[in-house]
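Numbering (this note's numbering), first residue to last: -6 to 236.
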């Protein structure tokens, strides 16, 4: 772990210069059980050399904490692409589907094979800190499974057992369903494929942001908790830095 992480904000932080979009009006209606994705601040940071480049790896967790689960239904529109439509549950158990749910793509993971995963589920960004903040780097990680990996926030709305399994690895599938139940999380360790951002040549203090649903494809009850950050000093020299 990088011991030079010197500050962590709450997961309700907003990316500099970006206003959180207003929640969809349907979520204000008691009859609808909208999901709420909450991004945990980046953790388990560690540097890695990639040839002549240096990257900063970080673990990542997206919690599902709304009144209802995140649920996506996809159907094939191309060789490696599905169109996604979000499913919103109502209090009486019926469902309604949103008109814009983004895309599900056939993603290769080295050493594991291919999976059907949701595109633009999250983004890693590195920003300067202080006045005149600006974005300096963007990481490659954009696709996520959306699954029930770990029950992190038990409640009466949270199922005790997994409802949403790992993403399908069947390339012949014409339809798939992805999702994360209330109280469960989709979690990726720092060592996972593309869990990094290039920090080559950077010096000083920076904010490493993890942002869920950066293009607002998904309907949520709260859009203000989709981003969280950790402040780091670069380059890493094996000691605690100060910002």
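Don't be surprised by glycine CBs; every beta carbon is placed ideally from N, CA and C.
Name, in chain order, the residues that DSSP records as bridge partners for residue i.
{"i": "residue 141", "result": "Beta-bridge pairing links residue 141 to no other residue."}
{"i": "residue 188", "result": "According to DSSP, residue 188 bridges with nothing at all."}
{"i": "residue 27", "result": "None; residue 27 has no bridge partner."}
{"i": "residue 45", "result": "Paired residue(s): none; residue 45 is not in a bridge."}
{"i": "residue 64", "result": "172"}
Is residue i helix, strand or coil by DSSP?
{"i": "residue 21", "result": "helix"}
{"i": "residue 208", "result": "coil"}
{"i": "residue 157", "result": "coil"}
{"i": "residue 100", "result": "strand"}
{"i": "residue 183", "result": "coil"}
{"i": "residue 178", "result": "strand"}
{"i": "residue 106", "result": "strand"}
{"i": "residue 118", "result": "strand"}
{"i": "residue 40", "result": "strand"}
{"i": "residue 171", "result": "strand"}
{"i": "residue 152", "result": "coil"}
{"i": "residue 131", "result": "strand"}
{"i": "residue 79", "result": "strand"}
{"i": "residue 164", "result": "coil"}
{"i": "residue 193", "result": "coil"}
{"i": "residue 53", "result": "strand"}
{"i": "residue 88", "result": "strand"}
Please state if the CB of residue j and the CB of residue i are separated by a distance shorter than 9 Å.
{"i": "residue 114", "j": "residue 129", "result": "no"}
{"i": "residue 143", "j": "residue 120", "result": "no"}
{"i": "residue 65", "j": "residue 78", "result": "yes"}
{"i": "residue 49", "j": "residue 204", "result": "no"}
{"i": "residue 175", "j": "residue 95", "result": "no"}
{"i": "residue 134", "j": "residue 167", "result": "no"}
{"i": "residue 74", "j": "residue 26", "result": "no"}
{"i": "residue 106", "j": "residue 139", "result": "no"}
{"i": "residue 225", "j": "residue 199", "result": "yes"}
{"i": "residue 32", "j": "residue 209", "result": "no"}
{"i": "residue 146", "j": "residue 56", "result": "yes"}
{"i": "residue 126", "j": "residue 97", "result": "no"}
{"i": "residue 201", "j": "residue 228", "result": "no"}
{"i": "residue 181", "j": "residue 87", "result": "no"}
Please identify the residue among the options whose C-alpha is closest to the C-alpha of residue i.
{"i": "residue 104", "options": "226, 185 and 212", "result": "185"}
{"i": "residue 101", "options": "112, 95, 34 and 36", "result": "112"}
{"i": "residue 44", "options": "193, 226, 97 and 235", "result": "193"}
{"i": "residue 69", "options": "197, 110 and 23", "result": "110"}
{"i": "residue 179", "options": "52, 85, 218 and 201", "result": "52"}
{"i": "residue 222", "options": "22, 85 and 34", "result": "34"}
{"i": "residue 85", "options": "24, 126, 71 and 99", "result": "24"}
{"i": "residue 236", "options": "202, 197 and 207", "result": "197"}
{"i": "residue 99", "options": "93, 124, 67 and 122", "result": "67"}
Below 6 Å CB to CB, which residues in the same chain sit around residue i once its five sequence neighbours on both sides are set aside?
{"i": "residue 89", "result": "81"}
{"i": "residue 214", "result": "16, 20, 27, 29 and 59"}
{"i": "residue 183", "result": "37, 39, 50, 51 and 52"}
Sorted by chain position, which residues of the same chain lie with C-beta nearer than 8 Å to residue i's C-beta, five sequence neighbours on each side aside?
{"i": "residue 131", "result": "116, 117, 118, 119 and 190"}
Excluding sequence positions up to five away, which residues of its chain have a Cβ less than 7 Å from the Cβ of residue i?
{"i": "residue 162", "result": "106, 107 and 108"}
{"i": "residue 91", "result": "78, 79, 81 and 212"}
{"i": "residue 159", "result": "138 and 140"}
I'd like to know whether the C-beta of residue i is nearer than 9 Å to at least one C-beta of chain C.
{"i": "residue 174", "result": "The chain inventory of the structure shown lacks chain C, comprising one protein chain alone."}
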